[in-house]
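Written below as structure tokens is the structure these notes are about.
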Amino acid sequence: MSHLAIALQSSSKYSQERAGSPGPSPADSGFRELQQRIISYVRGLPGNNLCCDCGGTNDVTWLSTNYGVMVCIECSGIHRDLGVHVSRIQSLTLDKVGTAQLLLARHMSNISFNEVTEATSPRKPEPTSTMDERREFIQSKYVRRAFVQPTTATPEDLLVQLREVIDKNDLYGLLRVYFQGGDLGLPLTSLGECALHVAIYQENGASLPLVDFLVQNSHSLDRQTKEGNTPLHYCVISNKPECMRLLLRVGANPSIENNNGKNPMDIASERNCGLMADMLNQALQQKKSMFENVEYEWNLSDDNLTDVSDDDENFKQNGMSTPEKRSRSRPVSLPGSSSPICQRSAEHRTYSDQRSVGEYRSSEHRSSTSRWSRNQPPPPPVSSKPICSTSDGRPLDTDTSPSSSPQESPNTFINGRSTESLSSLVSDDPRPPPRMRGSSMRQRRCQALYDCDADLDDELSFTEGEIIIVLKAETEDGDWMEGMIEGQPHRRGKVPINFVHMLSD
Numbered sequence: 027m028s029h030l031a032i033a034l035q036s037s038s039k040y041s042q043e044r045a046g047s048p049g050p051s052p053a054d055s056g057f058r059e060l061q062q063r064i065i066s067y068v069r070g071l072p073g074n075n076l077c078c079d080c081g082g083t084n085d086v087t088w089l090s091t092n093y094g095v096m097v098c099i100e101c102s103g104i105h106r107d108l109g110v111h112v113s114r115i116q117s118l119t120l121d122k123v124g125t126a127q128l129l130l131a132r133h134m135s136n137i138s139f140n141e142v143t144e145a146t147s148p149r150k151p152e153p154t155s156t157m158d159e160r161r162e163f164i165q166s167k168y169v170r171r172a173f174v175q176p177t178t179a180t181p182e183d184l185l186v187q188l189r190e191v192i193d194k195n196d197l198y199g200l201l202r203v204y205f206q207g208g209d210l211g212l213p214l215t216s217l218g219e220c221a222l223h224v225a226i227y228q229e230n231g232a233s234l235p236l237v238d239f240l241v242q243n244s245h246s247l248d249r250q251t252k253e254g255n256t257p258l259h260y261c262v263i264s265n266k267p268e269c270m271r272l273l274l275r276v277g278a279n280p281s282i283e284n285n286n287g288k289n290p291m292d293i294a295s296e297r298n299c300g301l302m303a304d305m306l307n308q309a310l311q312q313k314k315s316m317f318e319n320v321e322y323e324w325n326l327s328d329d330n331l332t333d334v335s336d337d338d339e340n341f342k343q344n345g346m347s348t349p350e351k352r353s354r355s356r357p358v359s360l361p362g363s364s365s366p367i368c369q370r371s372a373e374h375r376t377y378s379d380q381r382s383v384g385e386y387r388s389s390e391h392r393s394s395t396s397r398w399s400r401n402q403p404p405p406p407p408v409s410s411k412p413i414c415s416t417s418d419g420r421p422l423d424t425d426t427s428p429s430s431s432p433q434e435s436p437n438t439f440i441n442g443r444s445t446e447s448l449s450s451l452v453s454d455d456p457r458p459p460p461r462m463r464g465s466s467m468r469q470r471r472c473q474a475l476y477d478c479d480a481d482l483d484d485e486l487s488f489t490e491g492e493i494i495i496v497l498k499a500e501t502e503d504g505d506w507m508e509g510m511i512e513g514q515p516h517r518r519g520k521v522p523i524n525f526v527h528m529l530s531d
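For the sequence shown, this note's numbering assigns the number 27 to the initial residue and increments by one for each residue that follows.
Laid out in structure tokens, this is it:
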């Protein structure tokens, strides 16, 4: 049997196994269009049309999610044989790949990845190579890491470098340190925090892909600090729900207690963190649908998109469609850089490079844009006031958090996402969100997630953030409802339900 036939047989068996178990469900249909755009973007990145390992072009639709690189159908079988602790392979055409699984691929490319992992210019297999030849090369590349640039750095030196690349949000620097043998699970601070703890605490929106690399490759999901806090504890303490999604998606344990006898759910309940409490509940029930998509500023460039035909059966399987109306699909507006639901907070936060003896000191704003991802603008200047800290400068203790009382720090959510900035958790004068007042009969209200331009006369045009009064929750058009803009009764019409989020007044 030829090596191609072996690969196809392996792929067929894999597909049958996948068909017997339900794939991840997108949180809402708004993510499906975004998912397709990200996949198109990734397929258009430099070198991603060729297999990362053999350079072949045969069905290069297999993604190693923990490295963010594309491989062909033949090399994908060898990746799966290595085990998920080495490479996590997903098919972009057979699997329903959530946006959480595309984070690294968005910022990686086959060419850039190989600049680190094949720095010594090894003799690569060719598209006509046997499976044994491919296997030997792939094991040398990913398991033995034989082709990375040699280093004279000691393990201690690599730990210093590891801390530096995390502080700089240097994803490729992290990849280099990892492939040169840096141990991602060793403590980096006097509190016993490993790389994952530090990255979560410092995560600022732009560094979510770096956190994801550590989540998938550090094998430290449940590592505890000297205070007993796991990375999930740090997600709640630091108010990082998107980091929590990444951790729970790959099986982090939500039941571990810290030295105060509190698990992440206890802390989330104390602080009235409804979204994170919901996610932890879902994890305890072995449900993962909430963890397949993340809210993130993707900054996709249209000129890099690969054309995907509506008739392409490969992408129809991913179910990426918007509400149907009168036999045609509406285009889905995508969250932009100004979208309030995608911004982590009113201010991006960063923390100092030095946190000795458990101290967390806020740093001055770094003006250099080199630490930000491609097409990602630097954050606005931040205040020097420590955020989420106790009087001794350490992370908020679970027993003394100023935000533990719901009366002191009410949380509001848009599309299941907290709109409070971290500074509001320690504000002396927190204010609840405005509520609609008037008649005792409460009308159902929703908030627009995206801009929408009406295609037909009976549809409503609106802009992101506008409040819409629901006049009729169900219409003959299925996934549409009828509404009017609050305070502007002359603006009314039908609204696609996946463009809005229902508010609970």
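A virtual CB, placed ideally from N, CA and C, is assigned to each residue, including glycine.
Original post:
Which residues mark the beginning and the end of the alpha helix (DSSP H) in which His516 is found?
Top reply: For His516, no alpha helix (DSSP H) segment is defined; the enclosing uninterrupted segment is the beta strand (DSSP E) at 514–522.
**OP:** Can you tell me which of the three DSSP states Ala499 falls into?
**Re:** If DSSP states are grouped into helix, strand and coil, Ala499 belongs with coil.
Original post:
Between Val521 and the ligand COA, is the CB less than 6 Å from at least one heavy atom?
Top reply: Only the bare structure without any ligand can be found here, which leaves the ligand COA out of the picture.
**OP:** Counting only runs of 4+ residues fully inside the stretch 92–120, write out the alpha helix (DSSP H) ranges in chain order.
**Re:** Qualifying alpha helix (DSSP H) stretches, in chain order: 99–108.
**OP:** Go through its chain and collect everything with a Cβ distance to Pro72's Cβ below 8 Å, but skip five positions before and after it.
**Re:** So the list reads Ser135, Asn136, Ile137, Ser138, once near-sequence residues are dropped.
Original post:
Does the pairing of the stretch 282–295 with the stretch 79–91 give three or more beta-carbon distances under 8 Å?
Top reply: No, because fewer than three Cβ pairs between the stretch 282–295 and the stretch 79–91 fall closer than 8 Å, the two stretches do not touch.
Subject >> Backbone CA spacing between Glu502 and Leu128 [nearest angstrom] >> reply: The straight-line gap from Cα to Cα measures roughly 36 Å.
**OP:** Assign Val169 to one of two classes, buried (16 or more other C-beta atoms within 10 Å of its C-beta) or exposed (fewer than that).
**Re:** With fewer than 16 other Cβ atoms inside 10 Å of its own Cβ, Val169 counts as exposed.
Original post:
Who are Pro471's beta bridge partners in DSSP?
Top reply: It should be pointed out that residue 471 corresponds to Arg in this sequence rather than to Pro. The partner list for Arg471 (beta bridge, DSSP) reads Ile495.
Original post:
Start and end of the alpha helix (DSSP H) containing Leu199?
Top reply: The question names Leu, but residue 199 is Gly in the sequence shown. For Gly199, the enclosing alpha helix (DSSP H) has its first and last residue at 197–205.
Original post:
Buried or exposed: Ala309, going by 16 or more other Cβ atoms within 10 Å of its Cβ?
Top reply: Under this definition Ala309 is a buried residue.
**OP:** Using 10 angstroms around the beta-carbon of Asp193, count the other beta-carbons present and answer buried if the total reaches 16, otherwise exposed.
**Re:** With 16 or more other Cβ atoms within 10 Å, it is buried.
Subject >> Start-to-end residues for the alpha helix (DSSP H) that takes in Met305 >> reply: Membership of Met305 in the alpha helix (DSSP H) is indicated by the continuous run 300–310.
**OP:** Could you tell me whether the stretch 157–167 touches the stretch 62–79, where touching means 3 or more Cβ pairs closer than 8 Å?
**Re:** Inter-segment contact for the stretch 157–167 and the stretch 62–79 is present: three or more beta-carbon pairs are separated by less than 8 Å.
Subject >> CA-to-CA distance, Ser246 to Ser378, given in whole angstroms >> reply: Since pLDDT at Ser378 reaches only 33, below the 50 mark, its modelled position is unreliable, and no value is offered.
Subject >> Straight-line gap, Ala126 to Leu108 (C-alpha atoms, nearest Å) >> reply: Whole-angstrom Cα-Cα distance: 22 Å.
**OP:** Determine, using beta-carbon pairs with one atom in the stretch 151–158 and one in the stretch 173–189, whether at least three such pairs fall under 8 Å.
**Re:** In this structure the stretch 151–158 does not touch the stretch 173–189; the number of beta carbon pairs closer than 8 Å is below three.
Subject >> Cα-Cα separation between Thr426 and Glu485, rounded to whole angstroms >> reply: Bear in mind that the predicted position of Thr426 carries a pLDDT of just 33, short of 50, making it unreliable; the figure below should be weighed with that in mind. Computed Cα separation, rounded: 51 Å.
Original post:
With 16 other CB atoms within 10 Å as the buried threshold, where does Leu197 fall?
Top reply: By the 10 Å Cβ count, Leu197 comes out buried.
Subject >> Same chain, Cβ closer than 7 Å to Val526, neighbours up to 5 away in sequence not counted >> reply: Once the five neighbours on either side are set aside, the close Cβ partners of Val526 are Cys472, Gln473, Ala474, Leu475, Ile494.
Subject >> For Ser530, the three-state DSSP class (helix, strand or coil) >> reply: Correct three-state label for Ser530: coil.
**OP:** With a cut-off of 8 Å on the beta carbons, I'd call Gly277 and Ser244 a contact; round off their distance for me.
**Re:** Actually they are not in contact, since the Cβ atoms of Gly277 and Ser244 sit about 13 Å apart, beyond 8 Å.
**OP:** Report the rounded CA-to-CA distance for Gln62 versus Glu318, giving the unit in angstroms.
**Re:** Approximately 14 Å, taken between the alpha carbons.
Subject >> C-beta atoms of Pro267 and Met291 nearer than 7 Å >> reply: Cβ distance not < 7 Å, so Pro267 and Met291 don't count as in contact.
Original post:
If you check the beta carbons only, do Leu240 and Ala221 fall under 7 Å apart?
Top reply: Cβ distance < 7 Å, so Leu240 and Ala221 count as in contact.
Original post:
How would you write the range of the beta strand (DSSP E) that Ile511 sits in, first residue to last?
Top reply: Bounds of the beta strand (DSSP E) holding Ile511 are 506–511.
Original post:
How long is the line joining the alpha carbons of Arg517 and Cys478, rounded to whole angstroms?
Top reply: The C-alpha of Arg517 lies about 13 Å from the C-alpha of Cys478.
Original post:
Under 7 Å, do Gln175 and Ala145 count as touching if we go by C-beta distance?
Top reply: Going by C-beta atoms, Gln175 is nearer than 7 Å to Ala145.
Subject >> Residue of Ile523, Pro515, Gly124, Gln228 minimising C-alpha distance to Ile263 >> reply: Residue nearest to Ile263 within the set Ile523, Pro515, Gly124, Gln228 is Gln228 (criterion: CA-CA distance).
Subject >> Residue range of the unbroken beta strand (DSSP E) whose run includes Ser90 >> reply: In the DSSP assignment, Ser90 falls within the unbroken beta strand (DSSP E) covering 88–90.
Original post:
What's the gap between the Cα of Pro153 and the Cα of Phe205?
Top reply: Approximately 25 Å, taken between the alpha carbons.
Original post:
Straight-line CA distance for His259 to Glu253?
Top reply: His259 and Glu253: Cα-Cα distance of roughly 11 Å.
**OP:** Classify Arg275 as buried or exposed, calling it buried when 16 or more other Cβ atoms lie within 10 Å of its own Cβ.
**Re:** That one is buried.
Original post:
Taking Cβ positions, are Asn84 and Cys98 nearer each other than 7 Å?
Top reply: Yes, these two residues count as a Cβ contact at 7 Å.
**OP:** Assign Val521 to one of two classes, buried (16 or more other C-beta atoms within 10 Å of its C-beta) or exposed (fewer than that).
**Re:** Val521 comes out buried.
**OP:** Determine the closest residue to Arg161 out of Gly103, Leu120, Leu217, with distance taken between C-alpha atoms.
**Re:** The candidate whose alpha carbon is nearest that of Arg161 is Gly103.
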